[in-house]
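Enquirer:
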């Protein structure tokens, strides 16, 4: 409880093939979440960040976004 999670992409808020990653972080008692890149696409569109913040989790988005965008270019284009 109270740890900081470092994640490449914003945790998903939706329940698809797997449960919501944002909810899993909340349930685990994470105190802060540093996201290198916001998750593109209409399925999430900032909902993961909103969920975490509403649960009292400190969220910082955009660290190293340029580097992550370059490294995940194909994935990000498919999600948009």
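In UniProt numbering, the protein residues as written are 1 to 80. Glycine included, C-beta positions come from ideal geometry on N, C-alpha and C.
For residue 64, count neighbouring C-beta atoms within 10 Å of its own C-beta (all shown protein chains included) and say buried if the count is 16 or more, exposed if not.
Expert: By 1-based counting over the chain shown, the position of residue 64 is 64. Counting Cβ neighbours within 10 Å, residue 64 comes out exposed, since fewer than 16 surround it.
Enquirer: List, from N- to C-terminal side, the beta strand (DSSP E) runs of 3 residues or more that fit wholly inside the UniProt domain "CMP/dCMP-type deaminase" (1-60).
Expert: 4-9, 32-37
Enquirer: Assign residue 20 to buried or exposed, taking buried as 16 or more other Cβ atoms, counted over all protein chains shown, within 10 Å of its Cβ.
Expert: Position 20 of the chain shown, counting from 1, holds the residue named residue 20. Counting Cβ neighbours within 10 Å, residue 20 comes out buried, since at least 16 surround it.
Enquirer: Whose C-alpha, out of 3, 8, 2, 1, is nearest the C-alpha of residue 72?
Expert: Looking up residue 72 in the chain shown gives position 72. Between residue 72 and the set 3, 8, 2, 1, the nearest pair of CA atoms involves 8.
Enquirer: Rounded to the nearest angstrom, how far is the Cβ of residue 49 from that of residue 30, given a contact under 8 Å?
Expert: The residue given as residue 49 occupies position 49 in the chain shown. The residue given as residue 30 occupies position 30 in the chain shown. By a beta-carbon distance limit of 8 Å, residue 49 does not contact residue 30. Their separation comes to about 13 Å.
Enquirer: Could you check how far apart the C-beta atoms of residue 11 and residue 28 are, in whole angstroms? I think they sit under 8 Å.
Expert: Reading the chain shown from its first residue, position 11 is the one you call residue 11. Reading the chain shown from its first residue, position 28 is the one you call residue 28. Not really, about 11 Å apart at Cβ, beyond 8 Å.
Enquirer: To the nearest angstrom, report how far apart residue 45 and residue 13 are at their CA atoms.
Expert: One-based indexing of the chain shown puts residue 45 at position 45. One-based indexing of the chain shown puts residue 13 at position 13. Each residue's Cα considered, the two are about 9 Å apart.
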